[in-house]
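Here's the structure we're looking at; comments come further down.
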Amino acid sequence: RDKKLHNQVNILVYRFQEVKGARPGLRSCWQFVIWMRQLLLFLMSMALDLVYDWGPKEMLLNTRIVVTALACVVLIVAAAMTMRFKPFFFFFQDALETSLLLGSALLLILALVYSVVRELVVELLMMTVIVLSILLTLAFLVYDWWRGHHTMNTFNNQVEFLRTTVEDASNK
Numbered sequence: 044r045d046k047k048l049h050n051q052v053n054i055l056v057y058r059f060q061e062v063k064g065a066r067p068g069l070r071s072c073w074q075f076v077i078w079m080r081q082l083l084l085f086l087m088s089m090a091l092d093l094v095y096d097w098g099p100k101e102m103l104l105n106t107r108i109v110v111t112a113l114a115c116v117v118l119i120v121a122a123a124m125t126m127r128f129k130p131f132f133f134f135f136q137d138a139l140e141t142s143l144l145l146g147s148a149l150l151l152i153l154a155l156v157y158s159v160v161r162e163l164v165v166e167l168l169m170m171t172v173i174v175l176s177i178l179l180t181l182a183f184l185v186y187d188w189w190r191g192h193h194t195m196n197t198f199n200n201q202v203e204f205l206r207t208t209v210e211d212a213s214n215k
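Residue numbers (this note's numbering): 44 to 215.
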């Protein structure tokens, strides 16, 4: 039981360990940035619900526009911060987080347009954004895995070459 707890603590410490070249203290507090983003989005959705339930119906469209704009700003700022600070250990994690945030912002805009227009073309655009984001994410993950696998194989080949070279030199 103690070993399991020790391993869990090590995983947590490793996750928030500082990376060489990263902004000092950023990785250890990045979770709070994520929580703040989620709290802001939650408060905006609650405000929209309150206007929907208690406010005049004439205000609903304007409130939707304002809340959608604010939510998009929060998501775009979060994506920009992720690209700027690169808080995650692996590159693909930063790229994935950024693409998901930007895709969510685009989806919010399309949902707002759809709530006003109610056209099939907007519905198809929304579905296209969802499907493309999933396919591009999968393609990127496969590419990143292949690149890492290929790089690791190249590295292993170089290490093997150096090892055999050193052994050959020491045998002479």
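Virtual Cβ for every residue (Gly too), placed ideally from N, Cα, C. None of the values given here were measured: they were computed from a predicted structure.
Under 8 Å, do residue i and residue j count as touching if we go by C-beta distance?
i: Y157; j: M170; result: no
i: S88; j: L118; result: no
i: L151; j: V165; result: no
i: V94; j: L83; result: no
Compute the Euclidean distance between the alpha carbons of residue i and residue j, then round it to the nearest angstrom.
i: V160; j: N105; result: 15 Å
i: F134; j: D96; result: 43 Å
i: L149; j: K47; result: 42 Å
i: L184; j: M126; result: 17 Å
i: W73; j: F132; result: 12 Å
i: V116; j: F128; result: 18 Å
i: P130; j: G191; result: 19 Å
i: W188; j: N50; result: 26 Å
i: Y186; j: I177; result: 14 Å
Determine the burial state of residue i: buried for a count of at least 16 other Cβ atoms within 10 Å of its Cβ, exposed for fewer.
i: P99; result: exposed
i: A258; result: Because the chain spans 44 through 215 in this model, residue 258 falls outside it and cannot be assessed.
i: L163; result: exposed
i: L86; result: exposed
Below 8 Å on the Cβ atoms is my contact criterion, and I expect residue i with residue j to pass it. Report the Cβ-Cβ distance as a whole number of Å.
i: L76; j: M124; result: According to the sequence provided, residue 76 is Val. The question's Leu does not apply to it. Sure, about 7 Å apart at Cβ, within 8 Å.
i: T180; j: L155; result: Actually they are not in contact, since the Cβ atoms of T180 and L155 sit about 24 Å apart, beyond 8 Å.
*Are there three or more Cβ pairs, one per stretch, closer than 8 Å when the region 98 to 114 is compared with the region 135 to 144?*
no
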